[in-house]
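Here the protein sequences line up with chains A and B, keeping their order.
Position 136, counted from 1, in the first sequence is what our numbering calls 136; the numbers after and before it change by one each time, with no gaps.
Just remember that our numbering sits 180 ahead of the position in the second sequence, which is counted from 1.
All residues carry an ideal CB built from backbone N, CA and C; glycine is no exception.
Just so it is clear, the structure is predicted and the values come from calculations on it, not from any experiment.
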Amino acid sequence: MQIFSKTTLILFSLFLSTYVKADDNRSVPLEVQVKAALIFNFSKFIDWPPDSFANDTSPIDIGIVGNDPFGRVLDEAVEGQVVHGRKIQLNRLTPDSNLRNNHILFISSSEEKNLKSIIASIRGASVVTISDIPDFDKLGGTIALYLKENHVKFAINIAAADQARVKINSQLLKMSQANN
Amino acid sequence: MDFSMVTQIKILWLLVILLFAFPVHAQDNRLASLTSLNIEELINIDVTSVSKKEEKRNDAPAAVSVITRDDIHNLGATSIPEALRLSPGLHVSRITSSQWEVSSRGFSSVNSSKLLVLMDGRSIYTPLVSGVFWDVQDTDFEDLDRIEVIRGPGGTLWGANAMNGIINVITKDSKDTQGIYAETGGGTKERFFSTLRYGGSVGEKGHYRVYAKYFDRAGELNTDYPGTSDKWNMTRAGLRSDWDLSETDKVIVQGDVYKGQIGQVKPAVTITGRANPPNPLRAEVSGGNAMASWTKKLGEGDDLQLRFYYDYTHRDDPTFTDNLHTYDLDFQNRWQLPLSQELLWGADYRLMVDENGGKGVFELDPENSSDRLYSGFIQDTVTFPSQNLSVTLGTKLEHNDYSGKEFQPSARFAWNPITSHTLWGAVSRAVRVPTRLERDVDIAASNPMQNPEVMLLGNRSLRSEKLIAYELGYRFPVVKRLLVDMSFFYNHYTDLMTIELATPFKKSSGQIIVPVENENMMTGKSYGAELGTTYQPFGTGWTLNTNYTLFRMWLYPSGQDLNHYQLFAGSTPAHQVSLGSQVALPQNMTFNAFFRYVGKLTSNADAAVGGAGLSAYSSLDSRLAWQFTKSMEVAVVGQNLLQDHHTEFLGGTQIQRAVYGSISGNF
C-alpha cells in the first residue's frame, strides 16, 4: 500500500535532515567531554571558604594549566551556568602564572613533570586540583580522574581538600567511594 | 488489523510535528546532553564504543554507518540481518523464519552476492552460491561490540566480492566481557532462547570468555507451500581469548561451533522433470571455525598483523550435501612515511576445499574442488594539512581459480573546506568473481529421457562481473551546528551474468544436448542516496534516529537473458525510510520504537515466483525494558506490530506479528 507520494517523501526527509544531532566537537573524544562535564558538576558539590571570593557575585574561577585537551567543550559546558549563585569563568594558564587565584585547577597531563612544583605553589590556597595524571590523588592532588573498564571514574583525596580548607559535599564523597 | 493509508500518514506527520515542537539547541547537542546528566550518569558512560562510532562516521572517505551493541539491544533484534535494518542503504527482507535477503545498492535476492560479510575479519561468504547463508551466522549479542556497514566498494582491503558493500561484525575484547551473563526468554515466534557466558582472566595479561547459546524459532505464516514449515533451531558455543603479551604484542584466539536444523518451505533447487524431495523439507547444518591473530606495534602508527583462520561448514540440504573447508592466512602492515603519508599493504592466501554431493536433483562437475585465491593490496594515504585534505590511492590485486587475475584500483579523498564540513569522494573499480555453481553446474533442465535434452551447464570461460563506482558524501552542519550525513553514488556495471542458449551438440549416444549457460551479457547502471541522522533534544533522555535511502537501477541485457535477470532492476525499492525512538522513563525503564517503511518492488528476479513485484509495507517493532536491579533487566518486545502478517519478499512465508519476553543478568 502506497503511503507517500514522491513529493511528501522528499519534503519529509528534508525536514528531518534539518533536525539532526550536532557534532561540532567531534574531534574531542567522548572521554574528554565526559571529564569536562564532571569538572563542571564537581563545582556544585564544593564549598569554598568565603575569603576565596572577592564578593558575593564574583565568579568561580576554573583554571586549566598546561595543554588544553577540551577545545571549546569546557567553555560550552560552563556557558550561562550558575553555581551557588555564581557564574563560572575559565582561565587558560601556564605553569608560571599565578595559580592560587583559581577555585578549581585542572592540571593537564602535559604538566606531569612539573606536578610537584605546581602543588607546592598552591599550598595553603583554597584550590581544588583535578587531573587525569595517573595516581594524582596519591601525589597530593584533590580529585583524580581515571578510566576503569571504559568508564571515567574519580577518586578524592580528603586530606588535600582539608589542607585547602574546602568542604566537599558528603554525597560526592560517597559517590567516589562507591565507584572504586 | 491493518492501519489504513490515511492513519499511517497521520502517524508519520505526528512524528514530524513532534520534531518541530522542540526548539533546536544552540549548543553542541551531545555536550549539552552530557551537562544535563548528573555525576552518577556521567561515570556510567562507556567512552570507547561511541568514540569508535564517531571516528568511523566522521573521518572515513566512505559511506559508513556503525550499529552498536546498544542499538541492537534496544531494538530487541535476535539475528544479525534484523540488526542490519538499523543502517541506511541496506535492503533487508525476511523471506522465511530463517532466510533473509540482505543487499546494498541493488540486486536484492536470497543470495547476498555483491556483499562481503565478515565476522571479526573472517569472511563468511559461501562460494557455492556466491552469497551468505545467514541462518548459520550468529554470535552472542551481549558480547558484540559493533557492526560496521560500508556501502560501496573499496571500503575494506580484502575480497573480490565487496562490490556493493562490506559488513563487518565485531565482537568485544574479552577484557570487556568478564563475569557471568545469563539470558533466557520466549514468546510467540521466539519459542525459547537462552544464552550463558562466563568471562575470566589468566593472570594479568590474558582474558577469555566462553559462551553457549540455544534458540528455537517457530515458522511463519505459510500459505503457499502446504506440508512444510520454516521452523528452525540452533545450538552454538564459542570462546574468545585476548592476550597482551607485551606493550607491543597482542594475540587473539577465538572460535565457535554450531549445529542446527532448518526447516524449509521449498527446495533450494527445482528442476522441471525431476521430482522434488519429499516433505518435510529440513536441512541439517553444522560447522565451526578457529582463528588466531597477532598484532605487533612497531612504532607510532606503525604496526603489522598476521592472522590465520580455518572455517568448516556442513550443510545437508534435501537437494544436496556440501562440506566447505576454508583455510586463510593473511598479513597486513601499516607504515607512516615522510611527507604525511600512511602506507598500508598486505597479502592474503585462501584455500577453499569444497565437497559437494547431488541428491538426484543436480550435480556439480567436478563434485570436489580445491580453489586457491591469492590477493594483495597496497594503499597510500597522503595528508595535506594546510589544505585540510587527504587523498588515498590504492589497489587490490588478486589471482583466483575462477577468473584469473583481477585488478581493483580505487582513489578517495576527504576534504574539510570549512571547519566541521567534510566532503569526501571516491572512484573505484570492483569485481564479482563467478561462483562454483555458475562455473561447474551440470543440471538437466528438462527430462533427461527425452531427445533433445536441455541442460544447464557451467561455463569455464565466464568472466567476473565489473563495476565502476563514483561516490560522493557530505557531512556538514545545517542549522546552528546540526550535522547532516549524506552519501550519493552512481554505479556502472559491465559483464553482468545472464543465462543464454548456446550451440546444441550431439552426444555419442545420439542424444542432442541443448546447452543453456551463464554468459556475461548484460550491462547496467544505478544511482542513489543515503541519509542518516540522530537527534537528542533532551539530552540522552530521548534519542531519535532517522534513515532514508533512495535507489534507482536500469539493466540492459544483450542476449536472451533466459532467467530474466533484467528484473533485478525492480527488486530493490526506490524509497526506504526508518525512524527509531528511544525514551528513558522513570524507575530505570526504557521504551524503544522502531518504524520502517519499505517501498514497493516492481519486479523480482526469482524465476520461481514468476518475476512478480511486491507492494510496499511498513512495520513497527517496540521494546519496553525495566532494569529492576543493578544487574538484572526484564524486557518485553513486540515485533511486526502493524499487521497480523505481511510479506517482505516473495517465495517464502509471511512474517507475523510476534511478542517475546526476556530476562537477563550480568554478575
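Exercise for the section: Rounded to whole angstroms, what's the CA-CA distance from Pro241(B) to Gly653(B)? Just pull it up for me. Expected result: A straight line joining the alpha-carbon of Pro241(B) with that of Gly653(B) spans about 8 Å.
Handout entry: First and last residue of the uninterrupted alpha helix (DSSP H) at Ser310(B)
Key = Here Ser310(B) belongs to no alpha helix (DSSP H), and DSSP marks it neither H nor E.
Practice task
Could you have a look at Glu633(B) and say whether DSSP puts it in helix, strand or coil?
Solution key: Of the three classes helix, strand and coil, the one that applies to Glu633(B) here is strand, per DSSP.
Handout entry: Local conformation of Ala212(B) per DSSP, three classes
Key = Low per-residue confidence applies at Ala212(B): pLDDT is 48, beneath 50, and the placement is therefore not dependable enough to give any value.
Practice task
Answer yes if the stretch 731–738 of chain B comes into contact with the stretch 688–705 of chain B, meaning at least three C-beta pairs across the two stretches below 8 Å, and no otherwise.
Solution key: Yes, the stretch 688–705 of chain B touches the stretch 731–738 of chain B.
Practice task
Tell me whether the beta-carbon of Ile360(B) lies closer than 7 Å to the beta-carbon of Phe847(B).
Solution key: Contact annotation: Ile360(B) and Phe847(B) have beta-carbon atoms nearer than 7 Å.
Practice task
Consider the Cβ of Leu324(B): report whether some Cβ of chain A lies at a distance smaller than 7 Å.
Solution key: Residue contact with chain A for Leu324(B): absent (no Cβ-Cβ distance below 7 Å to any residue of chain A).
Exercise for the section: Might you give, ordered along the chain, the residues of its own chain that have their beta carbon closer than 8 Å to the beta carbon of Ser121(A), omitting 5 neighbours on each side? Expected result: Residues Leu99, Arg100 of the same chain have their beta carbon placed closer than 8 Å to that of Ser121(A), with the five preceding and five following residues left out of the count.
Practice task
Within the stretch 392–425 of chain B, note down every full alpha helix (DSSP H) run reaching 4 residues or more, in order along the chain.
Solution key: If we require 4 residues or more, the stretch 392–425 of chain B turns out to have no alpha helix (DSSP H) run fully inside it.
Practice task
Report back the beta-carbon spacing between Leu38(A) and Leu145(A) to the nearest angstrom; my notes put them in contact at under 8 Å.
Solution key: Their Cβ separation, rounded to whole angstroms, is 7 Å, which keeps Leu38(A) and Leu145(A) in contact under 8 Å.
Exercise for the section: Measure from the C-beta of Leu38(A) to each C-beta in chain B and report whether the shortest distance is under 7 Å. Expected result: In terms of beta-carbon proximity, Leu38(A) lines the interface with chain B, with at least one pair separated by less than 7 Å.
Exercise for the section: Tell me, please, whether the CB atom of Ile225(B) is closer than 7 Å to any CB atom in chain A? Expected result: Contact with chain A is found for Ile225(B), since one of that chain's Cβ atoms lies less than 7 Å from the residue's Cβ.
Practice task
Kindly indicate which three-state DSSP category Lys686(B) falls into: helix, strand or coil?
Solution key: Collapsing the DSSP output to three states places Lys686(B) in a strand.
Exercise for the section: Could you pull the start and end residues of the beta strand (DSSP E) that Gln559(B) belongs to? Expected result: It spans 548–564 - the beta strand (DSSP E) in which Gln559(B) sits, taken as one unbroken run.
Practice task
Under 8 Å by Cβ, that's how I've got Phe748(B) and Gly286(B) pegged, so tell me the actual separation to the nearest angstrom.
Solution key: Confirmed, about 7 Å.
Exercise for the section: Consider the Cβ of Val34(A): report whether some Cβ of chain B lies at a distance smaller than 7 Å. Expected result: Yes, because at least one Cβ of chain B sits closer than 7 Å to the Cβ of Val34(A).
Exercise for the section: Taking His253(B) as the reference, give the member of Leu577(B), Leu822(B), Ala773(B) with the closest Cα. Expected result: For His253(B), the nearest C-alpha among the options comes from Ala773(B).
Practice task
Pair every Cβ in the stretch 352–359 of chain B with every Cβ in the stretch 315–328 of chain B, then say whether three or more of these pairs are closer than 8 Å.
Solution key: Taking a contact to require three or more Cβ pairs closer than 8 Å, the stretch 352–359 of chain B and the stretch 315–328 of chain B qualify as touching.
Handout entry: Within 7 Å, strictly: CB atoms of Val445(B) and Asn402(B)
Key = Yes, they are a contact pair.
Problem - Gln588(B) to Tyr489(B) span [Cα, whole Å] - result: Their backbone Cα atoms lie some 24 Å apart in a straight line.
Exercise for the section: Taking C-beta pairs closer than 8 Å, name the residues in chain A that Leu222(B) reaches, listed in chain order. Expected result: In chain order: Val34, Ala37, Leu38, Asn41, Val152.
Problem - Val329(B): first and last residue of the uninterrupted beta strand (DSSP E) it sits in - result: Run containing Val329(B): 324–331, per the beta strand (DSSP E) assignment.
Practice task
Can you pull the chain A residues whose beta carbon is under 9 Å from the beta carbon of Asn218(B), in chain order?
Solution key: Chain A residues near Asn218(B): Asn41.
Exercise for the section: Round the Cβ separation of Phe372(B) and Thr258(B) to the nearest angstrom and send it over; I've been treating them as touching at under 8 Å. Expected result: Their Cβ separation, rounded to whole angstroms, is 12 Å, which puts Phe372(B) and Thr258(B) out of contact at 8 Å.
Practice task
Starting from Ala610(B), follow its DSSP beta bridges and name the residues at the other end.
Solution key: In DSSP, Ala610(B) forms a bridge with Leu647(B).
Problem - Sufficient close CB pairs (3 or more, under 8 Å) joining the stretch 290–308 of chain B to the stretch 807–815 of chain B - result: With the cut-off at 8 Å, the stretch 290–308 of chain B and the stretch 807–815 of chain B do not touch.
Exercise for the section: Would you mind reading off the limits of the alpha helix (DSSP H) that contains Ala159(A)? Expected result: Segment 158–163, the alpha helix (DSSP H) holding Ala159(A).
Exercise for the section: Quickly, what does DSSP pair Glu813(B) with across the bridge? List them, please. Expected result: Beta-bridge annotation (DSSP): Glu813(B) is paired with Gln807(B), Ser844(B).
Exercise for the section: Determine the DSSP secondary structure at Ala764(B), reduced to helix, strand or coil. Expected result: Three-state result, Ala764(B): strand.
Exercise for the section: Would you mind reading off the limits of the alpha helix (DSSP H) that contains Asp251(B)? Expected result: 249–255 is the extent of the alpha helix (DSSP H) around Asp251(B).
Problem - Per DSSP, cross-strand counterpart(s) of Glu852(B) - result: Because chain B in this structure spans residues 181 to 847, residue 852(B) falls outside the shown range and cannot be described.
Practice task
Give the single residue among Asp491(B), Ala805(B), Ser689(B), Ala815(B) whose Cα lies nearest to the Cα of Gln630(B).
Solution key: Measuring from the Cα of Gln630(B), the nearest candidate turns out to be Ser689(B).
Practice task
Ignore the nearest five residues each way along the sequence and tell me which others in Tyr715(B)'s own chain have a CB closer than 6 Å to its CB.
Solution key: Leu724.
Problem - Residues near Asp137(A) by beta carbon distance below 6 Å, same chain, minus five either side - result: Within the same chain, and ignoring the five residues on either side of Asp137(A) in sequence, the residues whose Cβ sits closer than 6 Å to its Cβ are Ala144, Ala155, Asn157.
Exercise for the section: Check whether the Cβ atoms of Thr782(B) and Gly790(B) lie closer than 7 Å to each other. Expected result: Judged by their CB atoms, Thr782(B) and Gly790(B) are not nearer to each other than the 7 Å cut-off.
Problem - For Asp61(A), the three-state DSSP class (helix, strand or coil) - result: Strand.
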